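Take a look at the structure below.
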Amino acid sequence: MGKYTKEDILRMVQEEDIQFIRMQFTDIFGQLKNVAITASQAEKAVNNEIMLDGSSIEGFVRIEESDQYLWPDLDTFAILPWRPQYGKVARLICDVHYPDGSPFVGDPRHVLKQELQRAARLGLTFHVGPECEFFLFQTDDEGRPTTKTSDEASYFDLGPLDHGESTRREICLSLEEMGFEIEASHHEVAGGQHEIDFKYTEALTAADNIMTFKLAVKTLAQKNGLHATFMPKPVCGVAGSGMHINMSLFRDGQNAFYDEQDPRKLSALAYSFIAGLLAHVKGLCAVTNPLVNSYKRLVPGFEAPCYLAWSASNRSALIRIPVTRGQGTRLELRCPDPSCNPYLAFTACLAAGLDGIERNLTPPAEIRENIYEMDDEALRSHGIEALPATLEDAVGAMLADGVITEALGDHIVTHYAAGKRKEWTDYRTQVSQWEVDRYLIAY
Amino acid sequence: MDRDRIVVAFASEEAQRRIVRLLESEGFSPARSCFTGAEVIRTVHKLGSAAVICGFKLRDMTVGDLAASLRGSAVVLAVTTPVYLDMCEGENLFKLPTPMSRSDFFASLELLRQTEEKTLRPPVVRQRATEQQLISRAKAVLMDTNRMTESEAHRFLQKRSMDTGLRMAETAQIILNSYSR
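Quick mapping for you: the protein sequence lines, in order, are chains A and B.
Just so you know, we're using my numbering here: the first sequence kicks off at 239 and counts up by one.
Just so you know, we're using my numbering here: the second sequence kicks off at 12 and counts up by one.
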């Protein structure tokens with residue numbers, strides 16, 4: 239039984255005097271797209287009659303098959319709480335369908351739903367709690383973003399509450415107005431860096447929430463004269479922004495990762511899930527760490543993981559087991575960054591974990607030592623491998639991983655790999671300032 | 012009006028200089044001159060509240076967008092041609108058509124001043140920066156350790172202060188002392 243009916247939506251649009259509705263969906267690269275309609279089209283919207291030209295969306299369809307339809311998930315109806323100049327705006331998160339009503343195979347939300355259905359056939363539901371980091375930067379005299387923060391560029395000696403902090407507070411309040419449950423929010427390690435953690439929820443809702451969260455952060459940062467970025471490593475030499483993913487499986491309302499009898503109080507299911515994640519993490523990096531810049535973060539020295547290891551004690555491990563048990567038992571995958579497409583990231587994580595369960599895989603030994611202090615010999619003797627070092631390596635690993643490619647589907651894999659390879663080629667042909675500084679005089 | 016709570020915002024340096032010279036001729040000293048709405052917003056945030064004298068279009072946004080972002084913290088005087096003024100709207104936005112006379116400009120500024128004083132200035136003395144920092148840190152501790160949300164932590168501090176008769180900064184210090192043991 240859903241939260242809202244069509245009649246509920248139409249009534250709310252009228253009662254709340256909503257002027258515009260943003261029909262939102264996400265493309266394969268994780269960019270939020272929308273078709274904005276006026277309130278007069280609300281009835282068409284709830285009857286799945288709003289069209290879009292899919293050929294204008296990168297990675298969607300070609301021009302000769304371009305008519306697609308937006309089918310709103312009525313339960314995602316929400317009024318955007320940041321007041322626009324003219325009239326209230328609501329949003330509906332949509333699935334993309336072909337004219338014949340079948341779901342579009344290149345719609346990331348559909349792909350996640352399919353993987354969740356696969357888990358449901360095993361009697362399992364997938365719950366996720368993301369921890370998103372981001373930077374708030376100042377803009378310059380032309381309004382362009384810089385990498386300067388208000389932490390360092392203070393005009394006044396005795397300023398009031400730090401601007402970044404108050405912006406983060408406004409973001410949390412706005413998200414709570416939209417029904418989000420925020421577990422925590424705080425200033426992070428680097429200057430201008432912040433983190434907001436969401437309460438655990440079912441994976442599809444969690445992915446929807448991340449997309450809305452990014453929209454809220456960007457909009458409210460701009461409203462506060464700042465620029466928000468989810469770029470993983472915007473400044474060399476300071477901590478980057480990650481998006482740790484806490485995940486667990488539930489069966490019949492009980493946390494299926496918990497086993498009172500186990501020394502670590504983890505179930506066999508949990509261990510198999512860990513094993514599955516480790517077996518496929520190289521293959522899923524291309525979706526959890528989708529940018530050239532993502533791999534500038536996955537380097538030693540800033541608590542970002544770069545080696546395949548799991549640990550209940552080591553905070554810097556790729557897969558960490560937080561201390562909570564009982565209904566809160568979970569794994570934390572620490573390599574993803576917030577530039578990822580959350581639908582594809584959760585699909586890949588779930589597919590990896592389910593493969594571990596279906597094949598009854600056993601994880602390698604837990605690593606309690608500091609991996610960063612190990613030399614190559616020690617890493618080899620522990621059997622510890624590294625994550626892909628570049629986006630190119632990650633795409634290659636994805637294409638070689640049958641579990642990940644099957645979960646994402648041919649359409650997404652083909653278009654995603656093509657887009658990422660082009661991105662890599664464009665990057666590889668750039669001459670960076672580092673090269674000029676290092677080579678121009680010496681050679 | 013405190014003479015530093017005026018912000019001048021125009022996309023062109025020449026327009027900024029003209030308005031600043033006009034203000035200084037009457038003894039006003041604007042806090043800042045800005046090219047972008049983003050910088051105006053950051054400046055107003057630092058000042059707490061302000062009167063903003065602004066052209067129609069800044070380098071990153073229009074005066075209407077700026078006024079909307081500054082609702083509750085600033086009053087804005089849009090100084091531009093009548094055609095552009097017709098495109099401006101906002102509950103905190105006043106309009107002055109160009110070409111303008113000196114007397115009209117200062118009459119508008121006086122109106123801005125009175126509106127800002129009556130509607131935007133906080134009724135109590137603004138907390139000093141160190142007190143704000145204490146309160147922020149206490150909230151952070153409550154959120155991290157006790158898993159409170161931002162608003163729950165704020166309400167907790169408020170309620171504790173009310174119940175004990177202490178100021179919020181004092182309550183914050185007690186919390187920080189407790190958690191550091």
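Just so it is clear, CB atoms sit at the ideal spot from N, CA and C, and this is done for glycine as well.
Since this is a predicted model, take the numbers as computed values, not measurements.
Local conformation of residue i per DSSP, three classes
i        : result
A/Ile473 : Per the sequence shown, the amino acid found at residue 473 of chain A is Val instead of Ile. Note: A/Val473 maps to coil in three-state DSSP.
A/Trp672 : helix
A/Phe263 : strand
A/Gln376 : coil
A/His424 : strand
A/Thr667 : coil
A/His518 : helix
A/Cys523 : helix
A/Thr385 : coil
A/Asp613 : coil
A/Ser549 : strand
A/Gln492 : strand
A/Ala506 : helix
Residue range of the unbroken beta strand (DSSP E) whose run includes residue i
i        : result
A/Ser486 : Met481 to Arg489
B/Cys45  : Arg43 to Cys45
A/Met289 : Ile288 to Asp291
A/Phe436 : Gln431 to Phe436
A/Leu308 : Asp305 to Pro310
B/Ala89  : Ala85 to Thr91
B/Lys106 : Leu104 to Pro108
A/Ala466 : His465 to Thr467
A/His335 : Lys326 to His335
A/Lys271 : Leu270 to Thr276
A/Ala283 : Segment Ala280 to Val284 is the alpha helix (DSSP H) holding A/Ala283; no beta strand (DSSP E) there.
A/Leu185 : Only positions 239 to 681 of chain A appear in the structure, and residue 185 of chain A is not among them; the question remains open.
Beta-carbon neighbours of residue i, restricted to chain B and to distances below 7 angstroms
i        : result
A/Ser423 : Met154 and Glu161
A/Glu403 : Ser147
A/Gln262 : Residues of chain B passing the Cβ test: none, with the nearest at roughly 22 angstroms.
First through last residue of the alpha helix (DSSP H) which encompasses residue i
i        : result
A/Pro346 : Pro346 to Arg359
B/Asp193 : Past the edges of chain B, shown from 12 to 192, lies residue 193 of chain B, and the structure says nothing about it.
B/Phe167 : Glu161 to Thr175
A/Lys534 : Ser532 to Arg535
A/Cys578 : A/Cys578 -> no alpha helix (DSSP H), and no H or E assigned at all.
A/Leu453 : Ala441 to Lys461
A/Cys410 : His401 to Glu415
B/Val55  : Gly48 to Leu58
Buried or exposed (CB count within 10 angstroms, at least 16 for buried), residue i
i        : result
A/Asn598 : exposed
B/Thr92  : exposed
A/Leu672 : Note that residue 672 of chain A corresponds to Trp in the displayed sequence, not to Leu. The residue in question, A/Trp672, is exposed, as its Cβ has fewer than 16 Cβ neighbours within 10 Å.
B/Ser36  : exposed
B/Asp115 : exposed
A/Pro543 : buried
A/Ile679 : exposed
A/Tyr610 : exposed
A/Gln499 : exposed
A/Ser510 : buried
A/Asn493 : buried
Chain E within 8 angstroms of residue i, Cβ atoms only
i       : result
B/Asp71 : Given the protein chain composition of this structure (A and B), no chain E is represented.
Where residue i meets chain B, residues with beta-carbon distance less than 9 angstroms
i        : result
A/Asp379 : Cys45, Phe46, Thr47, Glu50 and Arg70
A/Gln376 : Ala49, Glu50 and Arg53
A/Glu682 : Residue 682 of chain A falls outside the range modelled here, since chain A spans only 239 to 681, and no answer is possible.
A/Glu414 : Thr160, Glu161 and Ser162
Sub-8 angstroms separation of residue i and residue j beta-carbons
i        : j        : result
A/Met250 : A/Pro310 : no
B/Ala49  : A/Thr526 : no
A/Asp446 : A/Glu369 : no
B/Ile30  : B/Ile64  : yes
A/Leu625 : A/Val519 : yes
A/Asp313 : A/Gly240 : yes
A/Ile247 : A/Phe258 : no
A/Val455 : A/Ala441 : no
A/Ser554 : A/Pro470 : no
A/Gly297 : A/Gly539 : no
B/Ala62  : B/Leu123 : yes
Residue i: contacting residues in chain B (beta-carbon distance under 8 angstroms)
i        : result
A/Cys370 : By Cβ distance, chain B contributes nothing, its closest Cβ being about 15 angstroms from A/Cys370, past 8 angstroms.
A/Arg407 : Glu161
A/Gln565 : The contacting residues do not exist; A/Gln565 stays about 15 angstroms from chain B at best.
A/Cys410 : Thr160, Glu161 and Ser162
Interface partners of residue i on chain A, CB under 9 angstroms
i        : result
B/Arg178 : By Cβ distance, chain A contributes nothing, its closest Cβ being about 16 angstroms from B/Arg178, past 9 angstroms.
B/Ser80  : Gln460, Lys461, Asn462 and Gly463
Closer than 8 angstroms at the beta carbon, the chain A residues around residue i
i        : result
B/Arg158 : Glu421 and Ala422
B/Ala151 : His424 and His425
Heavy atom of the ligand GDP within 7 angstroms of residue i beta-carbon
i        : result
A/Asn447 : Annotation note on the ligand GDP: not contained in the displayed structure, which lists no ligands.
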